[in-house]
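Chains A, B and C, in that order, are what the protein sequence lines are. For the first sequence, the numbering used here puts the final residue at 350, and the numbers step up evenly by one. For the second sequence, the numbering used here puts the final residue at 1350, and the numbers step up evenly by one. For the third sequence, the numbering used here puts the final residue at 2350, and the numbers step up evenly by one. Ideal Cβ placement from N, Cα and C applies to all residues, glycine included. Okay, so here's the structure we're looking at.
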Amino acid sequence: MPVSLGELAVRFGCELRGDPDTRIERVATLAAASADAGALSFLANPRYRAQLSTTHAAAVVLSGADAAACRTAMLVCANPYATYARIATLLYPTAPLVPGVHPSAVVAASAHIDPSARVGALASVGEGVRVGPRVLVGPHCNLEEDVALAADVQLAARVTLGRGVVIGARTVVQPGVVIGGDGFGFAAADGGWVKVPQLGTVQIGADVEIGANTTIDRGAIDDTVIEDGVKLDNLIMVGHNTRIGAHTVIAGCTGISGSATIGKRCVIGGAVGIAGHISIADDVVITGYSAISHSIALAGVYSSTLPAEEAQVWRRLVARFKRGDALGARVRRLERAAGLAPAPHDEPHD
Amino acid sequence: MPVSLGELAVRFGCELRGDPDTRIERVATLAAASADAGALSFLANPRYRAQLSTTHAAAVVLSGADAAACRTAMLVCANPYATYARIATLLYPTAPLVPGVHPSAVVAASAHIDPSARVGALASVGEGVRVGPRVLVGPHCNLEEDVALAADVQLAARVTLGRGVVIGARTVVQPGVVIGGDGFGFAAADGGWVKVPQLGTVQIGADVEIGANTTIDRGAIDDTVIEDGVKLDNLIMVGHNTRIGAHTVIAGCTGISGSATIGKRCVIGGAVGIAGHISIADDVVITGYSAISHSIALAGVYSSTLPAEEAQVWRRLVARFKRGDALGARVRRLERAAGLAPAPHDEPHD
Amino acid sequence: MPVSLGELAVRFGCELRGDPDTRIERVATLAAASADAGALSFLANPRYRAQLSTTHAAAVVLSGADAAACRTAMLVCANPYATYARIATLLYPTAPLVPGVHPSAVVAASAHIDPSARVGALASVGEGVRVGPRVLVGPHCNLEEDVALAADVQLAARVTLGRGVVIGARTVVQPGVVIGGDGFGFAAADGGWVKVPQLGTVQIGADVEIGANTTIDRGAIDDTVIEDGVKLDNLIMVGHNTRIGAHTVIAGCTGISGSATIGKRCVIGGAVGIAGHISIADDVVITGYSAISHSIALAGVYSSTLPAEEAQVWRRLVARFKRGDALGARVRRLERAAGLAPAPHDEPHD
Chain A
1 MPVSLGELAV RFGCELRGDP DTRIERVATL AAASADAGAL SFLANPRYRA
51 QLSTTHAAAV VLSGADAAAC RTAMLVCANP YATYARIATL LYPTAPLVPG
101 VHPSAVVAAS AHIDPSARVG ALASVGEGVR VGPRVLVGPH CNLEEDVALA
151 ADVQLAARVT LGRGVVIGAR TVVQPGVVIG GDGFGFAAAD GGWVKVPQLG
201 TVQIGADVEI GANTTIDRGA IDDTVIEDGV KLDNLIMVGH NTRIGAHTVI
251 AGCTGISGSA TIGKRCVIGG AVGIAGHISI ADDVVITGYS AISHSIALAG
301 VYSSTLPAEE AQVWRRLVAR FKRGDALGAR VRRLERAAGL APAPHDEPHD
Chain B
1001 MPVSLGELAV RFGCELRGDP DTRIERVATL AAASADAGAL SFLANPRYRA
1051 QLSTTHAAAV VLSGADAAAC RTAMLVCANP YATYARIATL LYPTAPLVPG
1101 VHPSAVVAAS AHIDPSARVG ALASVGEGVR VGPRVLVGPH CNLEEDVALA
1151 ADVQLAARVT LGRGVVIGAR TVVQPGVVIG GDGFGFAAAD GGWVKVPQLG
1201 TVQIGADVEI GANTTIDRGA IDDTVIEDGV KLDNLIMVGH NTRIGAHTVI
1251 AGCTGISGSA TIGKRCVIGG AVGIAGHISI ADDVVITGYS AISHSIALAG
1301 VYSSTLPAEE AQVWRRLVAR FKRGDALGAR VRRLERAAGL APAPHDEPHD
Chain C
2001 MPVSLGELAV RFGCELRGDP DTRIERVATL AAASADAGAL SFLANPRYRA
2051 QLSTTHAAAV VLSGADAAAC RTAMLVCANP YATYARIATL LYPTAPLVPG
2101 VHPSAVVAAS AHIDPSARVG ALASVGEGVR VGPRVLVGPH CNLEEDVALA
2151 ADVQLAARVT LGRGVVIGAR TVVQPGVVIG GDGFGFAAAD GGWVKVPQLG
2201 TVQIGADVEI GANTTIDRGA IDDTVIEDGV KLDNLIMVGH NTRIGAHTVI
2251 AGCTGISGSA TIGKRCVIGG AVGIAGHISI ADDVVITGYS AISHSIALAG
2301 VYSSTLPAEE AQVWRRLVAR FKRGDALGAR VRRLERAAGL APAPHDEPHD
């Protein structure tokens, strides 16, 4: 679906520098664009700025601040990454959904499938399920009873939705996701554990994205809630009764214990661990590989990331950390020798 | 299935304070219970104690120590969480299993399915599999040859059990779980890796629970073993030849390398990393987000959790940690200036 | 498939110490081998060396350095683990593949399945897919359009391959793996997020192994690339546009953010976090549970593993770490009192 640079400039509100008749046929990275085709590239990460002077792209989407460094035609705009995303969506339209239920799918008699929706090969749909307009239930999905999918939901493939799970419009779920497995609730008794029935379900808002093999557990009593616009990466664990606020983004491998409340518009890095029963304010940023064991009341950036070192250096640092007492004792000895009174921040509990 | 408060008190051995004819119809959290229905709530986590004075629950299950703070009818008992769990199980009975094999399931000729068991839609059952009484093999499960499931096992949906996996009575497996994938065994040779055949299988005890998308690998020679009553949360990795002792509980995202031996009744937090070939004693507690790189011989609580800080503060702490040498050198200089002999814990190796 | 010790020695180039007619029927660990059968064991991990004097194995594969400690017949060789792996592969041949498409599988008209390949029960194969000679597409796999599998690929069961994914010869994929889910790309705009189309695919080389429930995302523009001989354990997250160099091994629960480039022959421990857009050199070793937030330019061993301590000790260490300022201030006070000039490594920014 080729389009002229001029048309893109008009349609997406960019300042065009270059020939408006340049034909754009595809997108490419700055590094990989080759000169013989109408490749559009973009610059959003300053890490790749030097590539502006060497790229063979036909045109580049970038911000005004980067324009001087660029040797090609340009679409200059305030938010190059979002503009690139919109142009790429135009250039690469998704294949139209073929409505209907694949003959190999198993659909319960009381399920309601909108005629414009698609149910893929070897999917199963339980009693009382409601599938809205233009929904894709991909191959191998299984929807247990009373699941409800709003318009334009896309379950890519092999997604499991437990009893009563509700998903809002346009939400996209990648393969392998499990929503509505039992929460992890056990009461200690008699030297073992009694299972606590997990009676709630999961409510997913509109415009959410959920990455491959992520799991979101059903609530123990009330529901687990993912608000509108939340983006979850792969292999994330969301415990029961957690609430994630609108437009929060969470990177892969992060684990969120039960009954945590996470604010709106947070940005949470990968492999973060969030303890149960805590609250995180709106607009909190957490760097990857941090442990959040207490509530965070104020917006801001938080971290306990420990960047790796050469291993011998690291082992020495850890050894010193673990015998930290020694240095404190030596300072106390020096203070005594110098006749200095204990400092106000002395360490009386050590 | 409504029941009177008096009947609950008798049945579960609680002291009743309030009207025994109070009708209990459902459960609710202290915060969400509304006054117009027979909601039973409970208090187990002291964090929610203040809600006792504001709840609209019809009655609350709690311990004697909390009774004075409560404004509603009460069921007073020694273990409110376990008592709540048992009452909720009574109030919300699971739907009875409909025995039989769904016509879309694929069952090998030599598999034995107990007539009281259920095999769901689009499940597959391999040669030589034995499925015991009242077992649920949920939709989309696949059981490879010679799997054996004892009575009352529940495979919720889309569970994969590899060749020869054995599961004990009443064990519950959540969707997406893989038990019996190959262990991660490769021998370095000729600049690459030779695969070590993974010849063992996995033995899962009775009354175990396994959370969504958790993986348990088959043993290399001997079997991987999960003992009775173990509870595993979501997205846990259990490496080959690991043994997890009875009634141990492990929270989500924890990774256990191969050939680790974990004791009985341990409580292991989320996102913990446990190295291979180590032993952990019975009754060990490990806080979430800790790294266990050595064996633990004694019961107790262990941790290397680093709670996050505001990021600027954190970066300063890490910078100081990494140049720790400087402070040690300054103390040595002071000791020399003061004519003090090196302290017994001096740091000669730095 | 019993075989004599003499034949094994010849076939695998070992020095035989013991009776060449000893019949080897199976493998066993040093500890579990029983005297009444022809069990072959091996010693590769020095941790188990003491078992050489107590084992009841018929013979042991080991290195010359360990031979003196062994009481049984021996196959002495330079690389006992690899030799054991090869012997075990010989003793336990995998069942021959039964070619053909299971009648319950759903195969698109334009898919090409080599007549020597097998497509298992309830698998689905999309339009344009090419399945090479002797490939196993296990039960419940789903291959979306234009997937290409080279000769002898094994998809154990329930593997999802997205549109256009390419897999090289002999690669083995464990159950639950998702290759080609959308990468995690969103551009901030208007208080929410715009999805960036994920237009690339995933290229997997030859002789790769991918563990259960691991996810590998498709590239945003260019492809995500896993080179030949890479071994990935379970529950690993590989972000979009990542490249992993040949023969690199990565243990379970590790997360790799997008656009990371990892060198050849690296060995990366479990639960490691690797930031996006960084490069790691060839032959880098990273210890388990480390955070890699910057590029690593030189081969070597890197770590930020913090081994756990008894929790009370740990809390004291963390408390001291966090008030590290105090000790620095006390040393400054001592330096002033002693009339010492600030040390060259003083901490002016604190």
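I'd like to know whether the C-beta of residue i is nearer than 9 Å to at least one C-beta of chain C.
{"i": "A/Y302", "result": "no"}
{"i": "A/D207", "result": "yes"}
{"i": "A/P175", "result": "yes"}
{"i": "B/T1215", "result": "yes"}
{"i": "B/A1337", "result": "yes"}
For residue i, which option in the options has the closest C-alpha, if you only look at C-alpha atoms?
{"i": "C/G2138", "options": "C/S2303, C/Q2174 and C/A2188", "result": "C/Q2174"}
{"i": "B/G1168", "options": "B/H1140, B/Y1081, B/V1131 and B/S1290", "result": "B/V1131"}
{"i": "B/L1199", "options": "B/A1206, B/V1107 and B/G1181", "result": "B/G1181"}
{"i": "A/R47", "options": "C/E2309, C/Y2048, C/S2295 and C/I2250", "result": "C/S2295"}
{"i": "B/P1002", "options": "B/N1079, B/A1088 and B/G1219", "result": "B/A1088"}
{"i": "B/D1217", "options": "B/G1229, B/V1106, B/S1259 and B/D1233", "result": "B/S1259"}
{"i": "B/H1247", "options": "B/L1235, B/I1204 and B/G1270", "result": "B/I1204"}
{"i": "B/E1209", "options": "B/G1229, B/T1305 and B/D1146", "result": "B/G1229"}
{"i": "A/I278", "options": "A/T261, A/A85 and A/R265", "result": "A/T261"}
{"i": "B/V1098", "options": "B/R1086, B/G1120 and B/K1264", "result": "B/G1120"}
{"i": "C/I2292", "options": "C/Q2312, C/D2207, C/E2310 and C/I2268", "result": "C/I2268"}
{"i": "A/T215", "options": "A/A32, A/G183 and A/K195", "result": "A/G183"}
{"i": "B/A1206", "options": "B/P1197, B/T1171 and B/N1045", "result": "B/T1171"}
{"i": "B/S1116", "options": "B/G1100, B/C1266 and B/G1270", "result": "B/G1100"}
Ends of the alpha helix (DSSP H) at residue i?
{"i": "A/Y81", "result": "P80 to L91"}
{"i": "B/G1183", "result": "B/G1183 -> no alpha helix (DSSP H), and no H or E assigned at all."}
{"i": "A/D356", "result": "Since the first residue of chain A shown is 1 and the last is 350, residue 356 of chain A is not available in this structure."}
Taking the DSSP output, what are the residues bridged to residue i?
{"i": "C/L2143", "result": "C/V2125 and C/L2161"}
{"i": "A/E310", "result": "C/Y2302"}
{"i": "A/Q198", "result": "DSSP, once it has assigned bridges, lists no residue as partnering A/Q198."}
{"i": "C/A2189", "result": "C/G2192"}
{"i": "C/H2102", "result": "None, per the DSSP bridge assignment."}
{"i": "A/A95", "result": "According to DSSP, A/A95 bridges with nothing at all."}
{"i": "C/T2224", "result": "C/V2202"}
{"i": "C/V2107", "result": "C/V2125"}
At a Cβ threshold of 9 Å, is residue i touching chain A?
{"i": "B/L1327", "result": "yes"}
{"i": "C/M2237", "result": "yes"}
{"i": "C/K2195", "result": "yes"}
{"i": "B/D1066", "result": "no"}
{"i": "C/R2333", "result": "yes"}
{"i": "C/I2286", "result": "yes"}
{"i": "B/T1160", "result": "no"}
Can you confirm whether residue i, when its beta carbon is compared against all beta carbons of chain B, has any partner nearer than 9 Å?
{"i": "C/D2233", "result": "yes"}
{"i": "A/L306", "result": "yes"}
{"i": "A/E144", "result": "yes"}
{"i": "C/F2321", "result": "yes"}
{"i": "A/P309", "result": "Note on identity: in this sequence residue 309 of chain A is Glu, with Pro being the wrong assignment. Closer than 9 Å to some Cβ of chain B, the Cβ of A/E309 qualifies, so yes."}
{"i": "C/L2016", "result": "no"}
Would you kindly report the start and end of the unbroken beta strand (DSSP E) that includes residue i?
{"i": "B/R1017", "result": "E1015 to R1017"}
{"i": "B/L1040", "result": "A1039 to F1042"}
{"i": "B/L1075", "result": "A1073 to V1076"}
{"i": "B/V1284", "result": "V1284 to I1286"}
{"i": "C/D2217", "result": "T2215 to D2217"}
query = Any contact of the stretch 1111-1120 of chain B with the stretch 1062-1078 of chain B, i.e. 3+ C-beta pairs under 8 Å?
reply = In short, these stretches do not touch, since the Cβ pair count stays below three.
query = Below 8 Å, can you find three or more Cβ-Cβ pairs linking the stretch 236-252 of chain A to the stretch 212-225 of chain A?
reply = yes
request  = Inspect the CB distances between the stretch 1072-1086 of chain B and the stretch 1015-1027 of chain B and report whether three or more fall short of 8 Å.
outcome  = yes
inquiry  = Would the stretch 151-160 of chain A count as touching the stretch 1116-1135 of chain B if we require 3 or more Cβ pairs under 8 Å?
reply    = no
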